[in-house]
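Protein chains: 2
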Amino acid sequence: MTGKLVIIGTGPGNPGQTTPQVLDAIGDGELFFGYGPYLDRLSLRPDQGRIASDNREEIDRARAALDAAAKGASVCVVSGGDPGVFAMAAAVCEAIETGPETWRRLDVTVLPGVTAMLAVAARAGAPLGHDFCAMSLSDNLKPWELIERRLRAVAEAGFVIALYNPVSRARPWQLATAFKILRESLPVSTPVIFGRAVGRPDERFTVAPLGEADQQSADMATCVIIGTAETRIIDRPGMDPLVYSPRSANP
Amino acid sequence: MTGKLVIIGTGPGNPGQTTPQVLDAIGDGELFFGYGPYLDRLSLRPDQGRIASDNREEIDRARAALDAAAKGASVCVVSGGDPGVFAMAAAVCEAIETGPETWRRLDVTVLPGVTAMLAVAARAGAPLGHDFCAMSLSDNLKPWELIERRLRAVAEAGFVIALYNPVSRARPWQLATAFKILRESLPVSTPVIFGRAVGRPDERFTVAPLGEADQQSADMATCVIIGTAETRIIDRPGMDPLVYSPRSANP
Chain L
1 MTGKLVIIGT GPGNPGQTTP QVLDAIGDGE LFFGYGPYLD RLSLRPDQGR IASDNREEID
61 RARAALDAAA KGASVCVVSG GDPGVFAMAA AVCEAIETGP ETWRRLDVTV LPGVTAMLAV
121 AARAGAPLGH DFCAMSLSDN LKPWELIERR LRAVAEAGFV IALYNPVSRA RPWQLATAFK
181 ILRESLPVST PVIFGRAVGR PDERFTVAPL GEADQQSADM ATCVIIGTAE TRIIDRPGMD
241 PLVYSPRSAN P
Chain W
1 MTGKLVIIGT GPGNPGQTTP QVLDAIGDGE LFFGYGPYLD RLSLRPDQGR IASDNREEID
61 RARAALDAAA KGASVCVVSG GDPGVFAMAA AVCEAIETGP ETWRRLDVTV LPGVTAMLAV
121 AARAGAPLGH DFCAMSLSDN LKPWELIERR LRAVAEAGFV IALYNPVSRA RPWQLATAFK
181 ILRESLPVST PVIFGRAVGR PDERFTVAPL GEADQQSADM ATCVIIGTAE TRIIDRPGMD
241 PLVYSPRSAN P
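Going line by line, the protein sequences match chains L and W.
Under our numbering, the very last position in the first sequence is 251; numbers go up by exactly one each time.
Under our numbering, the very last position in the second sequence is 251; numbers go up by exactly one each time.
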């Protein structure tokens, strides 16, 4: 058993946000598994192999990667952002737990990265400046009723909310419904940030009050951050406003 | 107004986890403001200035940095981890909002970093594999009753919980109380991860069931991750177990 498997996060897409540790792992890898657009960012050498798959095939991809590592390859499983946040690290762990005993003997390493909400927050100012949560709005792997319950719980408890996977072709109404639920407990003036491809040439970044937040501002690659009643907007002459959540909070 | 201010996050401490973008900003900076131990990690040149302050003086540090930038300096405000997660970005925004009008005209940039919970999670496996939240356990800036309410809300709603600032000399009992509260709604077998200085020579990393989790396992630089009833531990021969939260969830 000489193979090994490294699960990497390349960050939000700006090459300046990929850590040196991850760049080293990319240099050392022999066989790369991931969603095609993430693999496209890597500039692999001709001697490095790539096996691209659709982003809905995470568990099959994890199994194929583990199988290759068990056969002796030096395997790299590639996520955008951080591999532990709605990405491949959990899928690989699930595959190990339910797979052959030999997979438990593999050298498995997870290398963290800058996850989307941190890059979107940095672009905005400091909207995650106090307690916050991260939720996937996809109901592919959990029931929608649970998502609604979680949205209500965290909004009422005063957490900033970062939403991943806000919309997709197969999930067209979920984000609008989430905004409707959040309007029940948050002021209509609450800032909502839509950030996509932040730091890349195709960046899309907008801020809207919750009362006017439009699900059309998001696509599947957008991270949506919803503030709390305490989140502030600082207008600045000739520049984007700063959006931030104060470090202090009232009961 | 030629000065500028960049707020950087150097990551959890392993030099391989500081992004190239942040390394460039460090190279370009003239004057560095931050908590002493974070500045010590930077290897500044003799022509670069450093102004260290205690980690309880964030707002004064922010004002001093803005003042220096307004006078024309190229200023770098340094956080460990990510500057937007319980760190300097929100303090700088607060100082701008309450400070002189000229501070709103400054060129202010926030550069994200790998925050502690991502590094601790990567070390463990994938404990943040589904919906999660990040909370500061410090009651310096918010009432303890609010912290208790938030802990109950997120534990009952099934979020993984990452705790920052779990203990300090001035806050000796808060973490033990948090564990007590969490035991009311989570099984005693729920995995609790204590990670400190992950990826550095002085790393401390332990996993314990919630029923036996001991506040002595944490200090002020520890990030504590508490799983959910669904979080799993995969034992592996001769290696640390993998701790992960499955991507799917039940109602």
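Glycine included, C-beta positions come from ideal geometry on N, C-alpha and C.
These numbers were taken from a predicted model, which means no experiment stands behind them.
- Annotation: L/Pro20 is outside any beta strand (DSSP E); the continuous alpha helix (DSSP H) that includes it extends over 20-28.
- Annotated three-state conformation of L/Gly195 is strand, per DSSP.
- The CB of L/Ala119 comes closer than 8 Å to the CB of Pro112 in chain W, given here in chain order.
- Along the length of the region 26-63 of chain L, whole alpha helix (DSSP H) runs at least 4 residues long occupy 36-40, reported in chain order.
- Annotation: L/Leu182 to L/Arg45 spans about 47 Å, alpha carbon to alpha carbon.
- Using a Cβ-Cβ cut-off of 7 Å, W/Met135 is close to Asp131 of chain L, given in chain order.
- Taking CB atoms only, L/Ala122 has a neighbour in chain W less than 8 Å away.
- Considering only beta carbons, the part of the region 148-172 of chain L lying closer than 8 Å to chain W consists of Arg149, Arg150, Ala153, Val154, Glu156, Ala157, Gly158, Phe159, in chain order.
- Nearest to L/Met135 by alpha-carbon distance, out of L/Leu31, L/Ile225, L/Val78, L/Gly16, is L/Ile225.
- Sequence-distant Cβ neighbours of W/Gly129 in its own chain, meaning closer than 7 Å and more than five residues away, are Tyr244, Ser245, Pro246, Arg247.
- Judged by beta-carbon spacing, W/Ala178 lies within the 8 Å limit of W/Leu151, meaning their Cβ atoms are closer than that value.
- The beta carbon of L/Val22 sits closer than 8 Å to those of Ile8, Gly9, Thr10, Gly11, Leu111, Gly113, all from its chain and outside the five residues before and after it, given in chain order.
- Here L/Lys142 is buried. Its C-beta has 16 or more other C-beta atoms within 10 Å.
- As a beta-bridge residue in DSSP terms, W/Val77 pairs with W/Ile7, W/Phe33.
- Listed along chain W, no residue sits closer than 9 Å to L/Tyr35 by beta-carbon distance, the nearest being about 15 Å off.
- For the pair L/Trp103 and L/Asp67, the Cα-to-Cα distance works out to about 8 Å.
- Contacts between L/Asp82 and chain W, judged by CB atoms closer than 7 Å, involve Leu118 in chain order.
- Not a single CB atom of chain L sits nearer than 8 Å to the CB of W/Arg56.
- A check of alpha carbon separations from W/Cys93 across L/Ala249, L/Ile233, L/Pro237 identifies L/Ile233 as the nearest.
- For the pair L/Arg236 and W/Cys76, the Cα-to-Cα distance works out to about 20 Å.
- Contact annotation: W/Gly81 and W/Ala90 have beta-carbon atoms that are not nearer than 8 Å.
- Proximity of the region 159-176 of chain W to the region 197-205 of chain W falls short of the contact definition, fewer than three beta-carbon pairs being nearer than 8 Å.
- Between the alpha carbons of L/Leu242 and W/Pro83 lies a distance of about 15 Å.
- Looking at the DSSP output, W/Gly125 sits in a beta bridge with W/Val243.
- For W/Arg171, DSSP records a beta bridge to W/Ser168.
- For a Cβ distance threshold of 7 Å, residue set Ser248, Ala249 of chain W lies close to L/Lys142, ordered along the chain.
- Considering only beta carbons, the part of the region 78-106 of chain W lying closer than 8 Å to chain L consists of Asp82, Pro83, Gly84, Val85, Phe86, Ala89, Ala90, Ala91, Val92, Cys93, Glu94, Ile96, Glu97, Arg104, Arg105, in chain order.
- The criterion of a C-beta distance shorter than 8 Å is satisfied by W/Phe32 and W/Ile51.
- Against chain W, the beta carbon of L/Thr115 has neighbours under 8 Å at Leu118, listed in chain order.
- Per the DSSP secondary-structure output, L/Asp107 pairs in a beta bridge with L/Lys4.
- Against chain W, a Cβ distance below 7 Å from L/Leu128 picks out Gly84, Val85.
- The three-state secondary structure of W/Phe205, taken from DSSP, is strand.
- By the 16-neighbour rule on beta-carbons within 10 angstroms, L/Arg56 is exposed.
- Contact check for L/Ile161 and L/Ala153: beta-carbon distance about 10 Å, past the 8 Å limit, so the pair fails to qualify.
- Distance between W/Leu137 and W/Ser53, taken at the CA atoms: about 22 Å.
- When secondary structure is reduced to three states using DSSP, W/Leu137 falls in the coil class, being assigned neither helix nor strand.
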